[in-house]
Structure formats: C-alpha cells, structure tokens
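First residue of the sequence shown? That's 0 in numbering that gives the first Met the number 0, and the numbers climb one at a time after it. C-beta: ideal position from N, C-alpha, C; glycine also. All remarks here apply to the structure that follows.
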Amino acid sequence: MKRSTFQRILAVIACLAIFCACLAGCSSKTSNSGEPAATTETSNGSAETAATESTGGYKETVTVALPEDITNLDVQESNATMNLVIQQCIHDPLIKLSADGQSFECKVAESYEQTSDTTWQFNIRKGIKFHNGNELTADDVLFTFERAVNSGAANDKVAMITAVNKIDDYTVEIVLEDQISDILYYIAYPTLGILNKAAVEADEANGYTIGCGPYVFDSWSNGDNITMHAFEDYYGGVKPTKNLTFRIMPEASSRVIALQTGEVDVCIDPPAIELSHIAEDSNLSLLQVSSERMHYLAFNMSGEPFGSNQKLRQAIAMAINKDNIITVASEGLGTPAVTFFSQGYGYYDGYDPYPYDVEKAKALLAEAGYPDGLTFTLYYAGSLKELMSQVIQSNLKEIGVNVNIEELETAALKSKLKEGDYEACVYAWANDSAGPDNNVRPLFRTGSSSNRTHYSDEYIDNLMDEALKETDSDKRLEMYKEIQTYILDACPIVPCFYETISVGTNAKLQGFQPDTSGLHRFYDCYIEQ
Numbered sequence: 000m001k002r003s004t005f006q007r008i009l010a011v012i013a014c015l016a017i018f019c020a021c022l023a024g025c026s027s028k029t030s031n032s033g034e035p036a037a038t039t040e041t042s043n044g045s046a047e048t049a050a051t052e053s054t055g056g057y058k059e060t061v062t063v064a065l066p067e068d069i070t071n072l073d074v075q076e077s078n079a080t081m082n083l084v085i086q087q088c089i090h091d092p093l094i095k096l097s098a099d100g101q102s103f104e105c106k107v108a109e110s111y112e113q114t115s116d117t118t119w120q121f122n123i124r125k126g127i128k129f130h131n132g133n134e135l136t137a138d139d140v141l142f143t144f145e146r147a148v149n150s151g152a153a154n155d156k157v158a159m160i161t162a163v164n165k166i167d168d169y170t171v172e173i174v175l176e177d178q179i180s181d182i183l184y185y186i187a188y189p190t191l192g193i194l195n196k197a198a199v200e201a202d203e204a205n206g207y208t209i210g211c212g213p214y215v216f217d218s219w220s221n222g223d224n225i226t227m228h229a230f231e232d233y234y235g236g237v238k239p240t241k242n243l244t245f246r247i248m249p250e251a252s253s254r255v256i257a258l259q260t261g262e263v264d265v266c267i268d269p270p271a272i273e274l275s276h277i278a279e280d281s282n283l284s285l286l287q288v289s290s291e292r293m294h295y296l297a298f299n300m301s302g303e304p305f306g307s308n309q310k311l312r313q314a315i316a317m318a319i320n321k322d323n324i325i326t327v328a329s330e331g332l333g334t335p336a337v338t339f340f341s342q343g344y345g346y347y348d349g350y351d352p353y354p355y356d357v358e359k360a361k362a363l364l365a366e367a368g369y370p371d372g373l374t375f376t377l378y379y380a381g382s383l384k385e386l387m388s389q390v391i392q393s394n395l396k397e398i399g400v401n402v403n404i405e406e407l408e409t410a411a412l413k414s415k416l417k418e419g420d421y422e423a424c425v426y427a428w429a430n431d432s433a434g435p436d437n438n439v440r441p442l443f444r445t446g447s448s449s450n451r452t453h454y455s456d457e458y459i460d461n462l463m464d465e466a467l468k469e470t471d472s473d474k475r476l477e478m479y480k481e482i483q484t485y486i487l488d489a490c491p492i493v494p495c496f497y498e499t500i501s502v503g504t505n506a507k508l509q510g511f512q513p514d515t516s517g518l519h520r521f522y523d524c525y526i527e528q
C-alpha cells in the first residue's frame, strides 16, 4: 500500500518540529539530531514545573494504586511499565524525553552536543548528589553504561554504542558504531538512569536502589506497597510531596473503591465499567489519553504448534474479532491495531493483512494441517487481559480451535515467556521512548529481552540496523514499511488494539497528566492543603 504524499509531508514536518525542539532545549548542540518519528497524541503538559508555582502547604503523602507489583528494584533488569513508573522517581538519566514527547530535557547532563556523525559529548552537572551523599561524576556514567551491556533490560539501549570515554570528571564522550538516528531516545530511556558505582560495587544486592532522582527509595513489601520520600538534596529542587506510596492492588474494583473512599489519591487503569462513576464524582477527576499501548496475542516461535507453522498463526489472526475485544475488554475505548506501529507515527500506513474473516480462517486452518482444529493454552496476567483472553477463546471456538486460558502473576508469566515455556499469551507493549526503532527492535530483534515470541530473522535484524542508521526520511519510511509488511506476514504476534489510558485521581491532585505509554510521571504530583 502506497503512503500518500500528504502523509509523508506530515511525517517530515513532525520530524523537523522535534529536531528544532531538541536544538532549543537543554543547551544541546547537534550537527545532526537524527530523524525522530512523528510524535504521538498526548494530553501531557507542563506538569514538571507546575508544582513550583504554588506557595501553599501540601499533603504529606500521595498514595497511588498500582494494578500490579514490580518484579525487581534493579533499573537495568526490567522494562515492565510499573517497574519504570517506580524507577523514574528514583533514578535520573543523562537526558529525558519531555512529557509531551517534543524535546529532550537535561537531567544529569547540563548540556550535550554531537561532535561528529558518530560521537556525542555530554557535560555533567557539578554537585549532583546521590541519595547516599556521594557526588555523581563521569565514573558513575561510565559504570552505568558498561553495566548495561550485560543487563536484562538496558542492553538493547547500548547495543549500538562502541565506547563511553571519560574526558574529565564531568565530561563523557559516547561513541557509536555508526550514525544512529534514534540514539538520544535510547540515552534518555529510564533503564539508563545513572547508578552510583561505589554503592553497587559495595552491595550488589541492593546498591542499585541508590539513585540521584527526586525520590529516595525506602521499602518494597512484595505484593503490598512501595514507599519513598523526597530527596532533600535533589539538584532539581526538593519536591512538594514529602512521601510517595504505591499500593499494589491487582483487583480493579478494589482500586476504584479505594479512590472513592480517599484511601488512595490515584487509581491507575480503573476498569472501563467504572469510568462514568469516577467522572460523575465531584471529588474525583478522570484523566484519559489515546495511548501507544498495544495489546497483542503472542505465539511462541521457538516451540510447537505455532513456531514452524505460519499458516496456523495466520489462521488464528484472521479469526480474531478486534472490535469485539475492544467492546468487551475496554467498554469500547480503544482503536483496532493492524500493525505494531500506532497511528500516531509517521511510519504507520494502515496495512491490514488479517481482516476478521471466519471462513478464510477455517480455510487457512485446514491448509495448516488442522482441518479438525486443535487445542492450546493461552496465558495472561491482569483483569483486562482476562477479558481479552475470553474473547479470543470465544472467537477461535468458531473455527474449531479450543483455547484453555490460564492466569499467572506478572512475574511468573514473564519467567514463562523468557524460558519459552508456553504456546501463546496475551501481552502489551508501549513505545515509551518515542523513536520508531523502539516499535520493532525490542519486540522482534533476535535476543531482545522484550522479544516475548523468540522471533528471530537475520534479514529483519539487518534491516532494523539499516533503518536505525538511515538519515534520509523517504528511505527510512520505506524501510519501516518493509519491516512491518515482512513481520506481519510472518505473524509472530497478532496486534489487537491500542487502548485508551485512563487514570482516576483525587480532584485536588495537580502536577500530573497520564502518559501515552502508561509510563506515568508521579514525581511532580502534589495536593495543596
């Protein structure tokens, strides 16, 4: 399907807008800032500065109800959404993508510049303190990037970096293997929050909880809560909310009740059926944003019955009614997904290889060698995924496929997927770094920690690398179009829908807007007394 000239112009204009914003912000100097994708729709605004304008007193503790627990406290070992929600309160990277996705903000780095096609220089703020009182220097930056190479969740962010050199105590040079268009997005990713070298080396089991971010980690009671307090010596200024408490509340209705009774101040992902009740309550606010969070069905490409049977995967894909999933699982709030690039990106072209068609699905199933159907187990975690799984189960029954659905805790499901010990599962992915490469590399690159399907294709691996290095916008558009077409034909996943992200809050909560990827920023929220 050809992309229209108008769509190309929009994509290029969006890229130029971010390019200009990057040049203007954070005292950055670049000879080539790369070619970011068109930015996504978001309601995020200037939450990070709003709190500083108030002169009143603040509620001492803001409590947030999370839909699931975190899996660990090492910022480099998990990119699960709830993990990163917590970690970005504790750790700061060199730079950070702004809340509206339009520019990069300086954090640990006070300025940066591109000194050649393959080198970037970052100038570190002097006087930054870690939570243990140590001063942050170039040695900590080098340690962070070197440790990331062998990590479970930050390795793909540094894969294209060949060296990180210390120029002096407050200057580092990052050397790339080639010109990389999306490199700033990766350097800004939360998994590259700067670690305290001395703390980690002294205590490998807990030292990674020492950050330089706005909040200091206090405790994690598995399955119950995570607590932290404002860092008095934060280089960006002490935050108005003294304590942040994150309650683990997997039961969606319990989160809503806790919000309504004032037990919590924020409810992440309230069930769709409760949204009208939140909106109608004068003591509460309902915040919503069209998201980049894609819910999908994943096949285990390293095992049977799906790994070696493309037609079987395609038959399943064509039998799934995505509109039905949105209606049942999300009360009609969401957008059907036909590819893993959402419509907010300039690289999306609307190609749909698997329209819902029961008869064609039956024919493909017979061609795949299963004229009488088959039985497999579908794993999931969470209430939304439960409803999604039930719809898929019902859809596939129409073509003679029996699906046993089984719920697991998030950590147990991730372990099963990592080991390849499953047939199929429903999962979610959000491009929370905004660069186009992050739509494909984590999900489909051989060996990626987020490659839940264990998909591996040398041609796609190479094409991803070429697209990442390409600076010509038209050529890059064509490369990502080819990547989408090729992977969708292979069908390791079935993109189902992009959800509308909802967050219920105390009506007095300020300094917060929901993030389009679900990576919500709570470090600036506050409630005036």
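Could you pull out every residue in the same chain whose Cβ sits closer than 8 Å to the Cβ of residue i, ignoring the five residues on either side in sequence?
i: residue 166; result: 120, 137 and 172
i: residue 278; result: 285
i: residue 428; result: 292, 293, 295, 339, 441, 442 and 449
i: residue 522; result: 87, 88, 212, 213, 214, 238 and 243
i: residue 250; result: 382
My guess is that residue i and residue j are in contact by the Cβ rule of under 8 Å, so how many angstroms apart are they, rounded?
i: residue 184; j: residue 296; result: The pair is not a contact, with the Cβ atoms about 27 Å apart (cut-off 8 Å).
i: residue 298; j: residue 411; result: With 8 Å as the limit, residue 298 and residue 411 do not qualify as a contact, their Cβ atoms being about 19 Å apart.
i: residue 530; j: residue 75; result: The chain is shown only over 0 to 528; residue 530 falls outside these bounds and no answer can be derived.
i: residue 498; j: residue 329; result: 6 Å
i: residue 219; j: residue 72; result: 6 Å
i: residue 66; j: residue 254; result: 7 Å
i: residue 63; j: residue 202; result: Actually they do not touch by this definition, with Cβ atoms about 28 Å apart.
i: residue 397; j: residue 357; result: 6 Å
According to DSSP, is residue i helix, strand or coil?
i: residue 479; result: helix
i: residue 221; result: coil
i: residue 335; result: strand
i: residue 121; result: strand
i: residue 299; result: coil
i: residue 528; result: coil
i: residue 491; result: coil
i: residue 247; result: strand
i: residue 188; result: coil
i: residue 341; result: coil
i: residue 238; result: coil
i: residue 273; result: helix
i: residue 499; result: strand
i: residue 512; result: coil
i: residue 287; result: strand
i: residue 358; result: helix
i: residue 144; result: helix
i: residue 263; result: coil
i: residue 308; result: coil
i: residue 402; result: strand
i: residue 72; result: coil
i: residue 485; result: helix
i: residue 256; result: helix
Would you mind reading off the limits of the beta strand (DSSP E) that contains residue i?
i: residue 522; result: That residue, residue 522, is in no beta strand (DSSP E); it is neither H nor E in DSSP.
i: residue 160; result: 160-167
i: residue 108; result: 108-115
i: residue 170; result: 170-175
i: residue 326; result: Looking at the DSSP string, residue 326 is not in any beta strand (DSSP E); the run it does join, the alpha helix (DSSP H), is 321-329.
i: residue 529; result: Missing from the structure shown is residue 529; the chain here goes from 0 to 528 and no further.
i: residue 103; result: 103-105
i: residue 156; result: Looking at the DSSP string, residue 156 is not in any beta strand (DSSP E), and its letter there is neither H nor E.
Output needed for residue i: all residues of its chain with C-beta closer than 7 Å, excluding positions within five of it in sequence on either side, in chain order.
i: residue 408; result: 380
i: residue 452; result: 297, 298, 299, 300, 491 and 492
i: residue 460; result: 444 and 445
i: residue 122; result: 108, 109, 110, 111, 169 and 170
Could you name the residues that DSSP lists as bridge partners for residue i?
i: residue 426; result: 295
i: residue 62; result: 244
i: residue 216; result: 227
i: residue 504; result: 265 and 284
Within its chain, find whatever has a CB closer than 6 Å to the CB of residue i; leave out the 5 residues flanking it on each side and keep chain order.
i: residue 258; result: 266 and 503
i: residue 68; result: 222 and 247
i: residue 431; result: 516 and 518
i: residue 425; result: 296, 379, 384, 387 and 388
i: residue 273; result: 255
i: residue 216; result: 89, 208 and 227
Where do the ends of the alpha helix (DSSP H) carrying residue i lie?
i: residue 459; result: 457-468
i: residue 80; result: 80-89
i: residue 391; result: 382-396
i: residue 416; result: 409-418
i: residue 442; result: 440-443
i: residue 128; result: That residue, residue 128, is in no alpha helix (DSSP H); it is neither H nor E in DSSP.
i: residue 200; result: 196-201
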